[in-house]
Structures are given as C-alpha cells and as structure tokens.
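Below is one structure; the comments refer to it alone.
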C-alpha cells in the first residue's frame, strides 16, 4: 500500500531538531549554573589576607615559585574538600586546613628568604637595665 499524497507544505525538519535541542539547552544551562556555583565556593587567594601578592624584596626566585605552587596546591585541595563536604563541620575543617597550609607556606617562604639574606629579621633590642 502506498502512502497517501500530501498536498500541504513539506514537513519542517527544524521542528524535530528544536524539540531535541531546547531541552538539551536547558540541561546545559543548569549544568553551567551548578558548576559556576561550585567554582564560586572558593573566593580565591586574592581575597585572602595571608597570601602574598608580590615576592619579598621583589625577588622572583625558586623560593617564590615554590611558594606560589604551594598556594595553588592548597586552593585545589580546598576546592576538592569543599566539593566532598557533607556537613558544615566538613566545610569548617576544610577551611581550617586551607588556612593552616597558607600560614605554613608563608612562614616557610619567609624563613627561607631570611636565610638567603633578602629580609632582615625583626626584633626588639633593649640596652641597659
């Protein structure tokens, strides 16, 4: 048996594509919003006071690049920990660990720069009794 003759306009091929594309577009938009929320879970090191923005004494040496890589590693670890956090306590622990790592990295960098002679140790000297 033959298909009946259609005298109207031809079927629009875009209609079928649009019925597939529109829901996919909404799914992609929802995924982008979710991922941007995850990325915004960490403000970045520029928002943190404990992170140095410039090297000590303006010297960009291996110590400075080691410090920067320690900071990047701490941020990546924080992002992972926050993503895995199931409770507020987990988030607090992740932030506490991140802050500890920042302090350690800054302290190590400063100590090594003092050893190299780029920074004078600060102290109080009292003379007399």
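Residue numbers (our numbering): 130 to 258. Backbone N, C-alpha and C fix where the C-beta goes; we use that ideal spot for every residue, glycine too. No experiment lies behind these values; they were computed from the predicted model shown.
According to the DSSP assignment, residue 190 belongs to no alpha helix (DSSP H), since it is labelled neither H nor E. Counting other Cβ atoms within 10 Å of its Cβ, residue 204 reaches 16 or more and is therefore classed as buried. Boundaries of the alpha helix (DSSP H) around residue 223: 217-245. For the pair residue 237 and residue 226, the CB atoms are not nearer than the 8 Å cut-off. The criterion of a C-beta distance shorter than 8 Å is satisfied by residue 239 and residue 185. A direct Cα-to-Cα measurement between residue 214 and residue 206 gives close to 12 Å.
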